[in-house]
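Participant: For reference, the structure I am asking about is given below.
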Amino acid sequence: MDKYVIICVDDEQTILNSLKIELKKALADKYLIEIAEDGEEALELINDLLSDGYQIPLVISDYIMPHIKGDELLRQIHTIIPHTLKIMLTGQADLDAVGRVINHARLYRYISKPWQSEDLRLTVVEAVRSYFQEQELMQQHEKLHQLAQEQANLIKKLHENESRLTQFLEAMPVGVRIVNASGQPVYANCKAQVLLGKELALECSARDMVDGRRMFIAGTNEVYPYEKTTLARALQGENATSDDLELRIGEKVLRLESWSTPIFNSDNQIGYGITVFQDVTERKEAEKTLRLTRFSIDKARDIVLWVGRDARLLYVNEAASRVLGYSHNELYHMTIHDLDIHFPASKWLEHWEQLRLEGTFSFESEYCTKSGKIFSVEITVNFVEFNGEEYDFAFVRDISVRKQMEEERTQAAYEIFRLNKAYERFVPREFLSLLDKKSIVDVHLGEHTKKEMTILFCDIRGFTSLSEKMTPKETFDFLNSYFGRMEPVILQHGGVIDKYIGDAIMALFPLSADDAISGSIAMLKTLRGYNQQLLEIGMPIVKIGIGLNTGPLILGTIGGRNRMEGTVISDAVNLASRVEGLTKVYHTPLLITEHTYLKLQHLYQYHIRLIDVVMVKGKTEEVTIYEIFDADMPEMIELKQQTLSEFEQGFVLYHSDERADAKQLFEQVLACNPADKVAQIYLERCSLHTRPDKMELYSR
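Position one of the sequence shown corresponds to residue -4 (the working numbering), numbered consecutively onward.
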């Protein structure tokens, strides 16, 4: 039994309650009414309902909602359930939003708030009725389409049955003629028309050919007796064969083999006779050619072998005896398996079937001489049928010198590959790509390009004091262990490591700022697992700070004639480094500038809050700094999210010099989240007699 549900989406519970009451009045208890307070909850609800087998005739959604607005929600719903009707219920949607939903989400109607109860009920009832009418039409259309398809299949099968015999006969590589009981031709395939000519094949009976002096006993001028022809014998009920027939058509002389058989009707009377024939003139010529060319093959430089179905050597030329060191008599008592060290008897049947299927192919192997010397060979095998027997006709060429050269080239290529991989550890392949270079050898001093990228600086907190407790080797081992975990995370998110500066990492993200954000979050989460391993071996945990900035930069090579390196130069790079330094001030691991913030394409998928407005050293411009706290512990993320509104209001009031009001808000934040270091800093600033100057970003 079908189950139906209507979904209402609004971020106000009172509206949802009113909608549910109105729908109950309009539809009684015919349909289940489900509600959702935002777009994400609605999408999750829809997926659950569809999984449980429900149909959704109608969705009613508000326009202004958090996270996902009503027009976008309805468009997403349309991609999942396109036949569902949608009603947008709001008083604040603009015409563009309504237009988008009409064009892309199949909007049934737009109703303003507050609504008229009767209008809403009539709209809902009509929408549901419209949905079921359309479903019924779709079902009827599907039935009609199925009936039409069945009829088309029957017609197609009929045509296939009618043409199957003709297709089969036309595909045969031999001539085929069918005659009726009186000997008159009723069908000749294409091959028969080619061999006999169209007129003879389709119009002349066997008796006509005999009487017209076209059929002779092979090798004589004696006309072939009609009663001895295979077709005449077939019309007498006999299965007959012949290979002594010669057909003369003008200047053309054909030596034919033929097979004929009677075809009986339902009354067991002979209704037709069928003859299959082929021209064997070429076979006779091939026999002559084989005799004439045998001398040439005997004198060939490469090995030539005739091999039978049982893998025995039936013929070998002089080169085979000379190269392999065996006499002809010895070779004629051997099989191909005695020569080819990679060709055991267990593979012979498979080889023969492949040869019959493909006709000819080549492969490489190794042969062994009588003295035990092994050398590389290239073998070309050919399938040959002669006098009813099948043969493997093989040409074997010594390629030892070529194989040696190939091995040397392969080794050289491998060394070049290893060298290139080694260079990539110092000059990343991605760096070459940004310079539009294919290889390190293409890079020249001073080459550069201008691009907009997001720059990442990452530094270990307190590394100096940490390294003082280690030996130099322990310090190197520790840094390599740490970098070994951070590097793949950066690369997996589209980043390019520009350089390691002591314990710091500088990386570039050329594609998008979102790559840099997701990569930074992943680095911090990876660090959490790394710290757990350090604790298990008694090592102190590591804390890092990450600063991000987006802007134009110059990427290129600097240095001298004998030593150069790739680098980037830009104010944007300096600013990223200085922002990383601010992570120490605010005790937060990930800060970004407003330049990066404005480049984010998926802004709402991150947890972000304002941190400060700072001055760039030596410049008059102010830079807004934001905190990304997605890598915090879940409970801290929840607390920061709960206090986000109070924090940002306090931030605005503080920077508007309304410190008393700002102080109250920061106290509220700390009451809920005492561990919020940034809120503590602002609370301390609010308690000062004078507001401190904007913090300047100094280079380190």
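Here a beta-carbon is modelled for each residue, glycine too, at the ideal position from N, C-alpha and C.
Everything numeric in this text was worked out from a predicted model, so none of it was measured.
Look up N705 in the DSSP assignment and give the residues it is bridged to.
Facilitator: Residue 705 is absent from the model: the chain starts at -4 and stops at 695.
Participant: My output table needs one value for A31: the three-state DSSP class, helix, strand or coil.
Facilitator: Mapped onto the sequence shown, residue 31 falls at position 36. Of the three classes helix, strand and coil, the one that applies to A31 here is strand, per DSSP.
Participant: Beta strand (DSSP E) containing E7: first to last residue?
Facilitator: Counted from its first residue, the sequence shown places residue 7 at position 12. Here E7 belongs to no beta strand (DSSP E), and DSSP marks it neither H nor E.
Participant: When we look at the beta-carbon of G94 and count the other beta-carbons within 10 Å, is it buried (16 or more) or exposed?
Facilitator: Start at 1 with the first residue of the sequence shown, and residue 94 comes out as number 99. With fewer than 16 Cβ atoms within 10 Å of its Cβ, G94 is classed as exposed.
Participant: Buried or exposed: where does N324 fall if 16 or more other Cβ atoms within 10 Å of its Cβ makes it buried?
Facilitator: Along the sequence shown, read from residue 1 onward, the residue named residue 324 stands at position 329. N324 is exposed by the Cβ-count criterion.
Participant: Would you mind reading off the limits of the beta strand (DSSP E) that contains R243?
Facilitator: Translated into positions along the sequence shown, residue 243 becomes position 248. From DSSP, the beta strand (DSSP E) with R243 extends over A235 to I244.
Participant: With 16 other CB atoms within 10 Å as the buried threshold, where does D387 fall?
Facilitator: Translated into positions along the sequence shown, residue 387 becomes position 392. Per the 10 Å Cβ criterion, buried.
Participant: Count the other CB atoms within 10 Å of the CB of K25; is the residue buried (16 or more) or exposed (fewer)?
Facilitator: Here residue 25 refers to the residue found at position 30 when the sequence shown is read from its first residue. It is exposed - the Cβ of K25 has fewer than 16 other Cβ atoms within 10 Å.
Participant: What residues match up with D335 in a beta bridge as DSSP calls it?
Facilitator: Position 340 of the sequence shown, counting from 1, holds the residue named residue 335. According to DSSP, D335 bridges with Y362.
Participant: For a quick check, are the C-beta atoms of A314 and I331 less than 8 Å apart?
Facilitator: Start at 1 with the first residue of the sequence shown, and residue 314 comes out as number 319. Start at 1 with the first residue of the sequence shown, and residue 331 comes out as number 336. It is not a contact, given that the beta carbons lie outside the stated cut-off.
Participant: E277: which of T236, L519, E380 and A21 sits nearest, CA to CA?
Facilitator: Counting from one through the sequence shown, the residue named residue 277 turns up at place 282. Among T236, L519, E380 and A21, the Cα nearest to that of E277 belongs to E380.
Participant: Using only the alpha-carbon positions, how far apart do W343 and I244 sit?
Facilitator: For the purposes of this step, residue 343 is identified with residue 348 of the sequence shown, where counting begins at 1. For the purposes of this step, residue 244 is identified with residue 249 of the sequence shown, where counting begins at 1. Computed Cα separation, rounded: 45 Å.
Participant: Determine the closest residue to H99 out of D114, L68, Q111 and K108, with distance taken between C-alpha atoms.
Facilitator: Locating residue 99 in the sequence shown gives position 104, where the first residue counts as 1. Comparing Cα-Cα distances from H99 to each of D114, L68, Q111 and K108, the minimum goes to L68.
Participant: Given this structure, state the Cα-to-Cα distance separating G533 from N526, to the nearest angstrom.
Facilitator: Residue numbering aside, residue 533 sits at position 538 when the sequence shown is read from its first letter. Residue numbering aside, residue 526 sits at position 531 when the sequence shown is read from its first letter. Using only the alpha carbons, I get a separation of about 10 Å.
Participant: Considering only the beta carbon of each residue, do G170 and N184 sit closer than 8 Å?
Facilitator: For the purposes of this step, residue 170 is taken as residue 175 along the sequence shown, with counting starting at 1. For the purposes of this step, residue 184 is taken as residue 189 along the sequence shown, with counting starting at 1. Cβ distance < 8 Å, so G170 and N184 count as in contact.
Participant: V189 to V205, Cα distance in whole Å?
Facilitator: As a first step, residue 189 is located in the sequence shown; it is residue number 194 there, counting from the start. As a first step, residue 205 is located in the sequence shown; it is residue number 210 there, counting from the start. Near 20 Å, if we compare the C-alpha coordinates of V205 and V189.
Participant: Report the option in I336, A657 and I632 whose CA atom is closest to the CA atom of E641.
Facilitator: The residue given as residue 641 occupies position 646 in the sequence shown. Ranking the options by Cα distance to E641, first place goes to A657.
Participant: Rounded to the nearest angstrom, how far is the Cβ of I28 from that of I1, given a contact under 8 Å?
Facilitator: Position 33 of the sequence shown, counting from 1, holds the residue named residue 28. Position 6 of the sequence shown, counting from 1, holds the residue named residue 1. Indeed they touch by this definition, with Cβ atoms about 6 Å apart.
Participant: May I have the straight-line CA-CA distance separating L530 from L519, to the nearest angstrom?
Facilitator: Looking up residue 530 in the sequence shown gives position 535. Looking up residue 519 in the sequence shown gives position 524. Between L530 and L519, the C-alpha separation is close to 17 Å.
Participant: Using only alpha-carbon positions, find the residue among I63, L18 and A23 that is nearest to E36.
Facilitator: Residue 36 sits at position 41 when you count from the first residue of the sequence shown. Closest by alpha carbon: I63.
Participant: Counting only the same chain and skipping the five closest in sequence on each side, list residues whose C-beta sits under 6 Å from that of E113.
Facilitator: In the sequence shown, residue 113 corresponds to position 118, counting from 1. So no residue of the chain qualifies.
Participant: Between F452, E401, D498 and F471, which lies nearest to S515 when the distance is taken from Cα to Cα?
Facilitator: Here residue 515 is taken as the residue at index 520 of the sequence shown, counted from 1. Selected option, being the one with the closest Cα: F452.
Participant: Just curious, the alpha helix (DSSP H) that D203 is in, first and last residue?
Facilitator: Position 208 of the sequence shown, counted from the start, is the residue given in the question as residue 203. Note, D203: alpha helix (DSSP H), A201 to D206.
Participant: In chain order, what residues of the same chain lie with their CB nearer than 6 Å to the CB of V484, ignoring the 5 residues before and after it?
Facilitator: Translated into the one-based positions of the sequence shown, residue 484 becomes position 489. Taken in chain order, the residues that qualify are A517, M518 and T521.
Participant: Please go through the same chain and pick out, in chain order, the residues whose beta-carbon is closer than 7 Å to the beta-carbon of E165, but skip the five residues on each side of it.
Facilitator: In the sequence shown, residue 165 corresponds to position 170, counting from 1. Around E165: N184 and C185.
Participant: One question on the structure: do I336 and I298 come within less than 8 Å of each other, judged by their Cβ atoms?
Facilitator: Here residue 336 corresponds to residue number 341 of the sequence shown, with the count starting at 1. Here residue 298 corresponds to residue number 303 of the sequence shown, with the count starting at 1. Taking 8 Å as the Cβ cut-off, I336 and I298 do not qualify as a contacting pair.
Participant: Start and end of the beta strand (DSSP E) containing S572?
Facilitator: Here the question's residue 572 lines up with position 577 in the sequence shown. Here S572 belongs to no beta strand (DSSP E); instead the alpha helix (DSSP H) covers D566 to Y581.
Participant: Can the beta-carbon of Y105 be found less than 8 Å from the beta-carbon of M83?
Facilitator: The residue you call residue 105 lines up with position 110 of the sequence shown. The residue you call residue 83 lines up with position 88 of the sequence shown. Yes. Within cutoff.
Participant: By Cβ distance below 7 Å, which residues in the same chain neighbour E7 in space, the five residues on each side in sequence not counted?
Facilitator: Position 12 of the sequence shown, counted from the first residue, corresponds to residue 7. Result list for E7: empty, nothing under 7 Å.
Participant: Who are the Cβ neighbours of E662 in its own chain at under 8 Å, not counting the five residues just before and after it?
Facilitator: In the sequence shown, the residue the question calls residue 662 occupies position 667. Here the set comprises L678.
Participant: My assumption, with CB atoms under 8 Å, is that T591 sits in contact with N544. Please give the rounded CB distance.
Facilitator: Counting from one through the sequence shown, the residue named residue 591 turns up at place 596. Counting from one through the sequence shown, the residue named residue 544 turns up at place 549. T591 to N544, Cβ: 6 Å. Contact.
Participant: Measuring CB to CB, does F378 end up less than 8 Å from S360?
Facilitator: Here residue 378 refers to the residue found at position 383 of the sequence shown. Here residue 360 refers to the residue found at position 365 of the sequence shown. Not a contact, by the Cβ cut-off of 8 Å.
Participant: Of all the options N42, E129 and D33, which has the alpha carbon lying nearest to the alpha carbon of L80?
Facilitator: The residue labelled residue 80 in the question sits at position 85 within the sequence shown. The residue with the shortest Cα to Cα distance from L80 is E129.
Participant: If we call anything under 8 Å between Cβ atoms a contact, is T225 one with W254?
Facilitator: Here residue 225 is taken as the residue at index 230 of the sequence shown, counted from 1. Here residue 254 is taken as the residue at index 259 of the sequence shown, counted from 1. Yes. Within cutoff.
Participant: Would you call E653 buried or exposed, if buried means 16 or more other Cβ atoms sit within 10 Å of its Cβ?
Facilitator: Indexing the sequence shown from 1 puts residue 653 at position 658. The residue is exposed, with fewer than 16 neighbouring Cβ atoms inside 10 Å.
Participant: Does DSSP put I549 in a helix, in a strand, or in coil?
Facilitator: Within the sequence shown, residue 549 is the residue found at index 554, counting from 1. DSSP places I549 in strand when its eight states are reduced to three.
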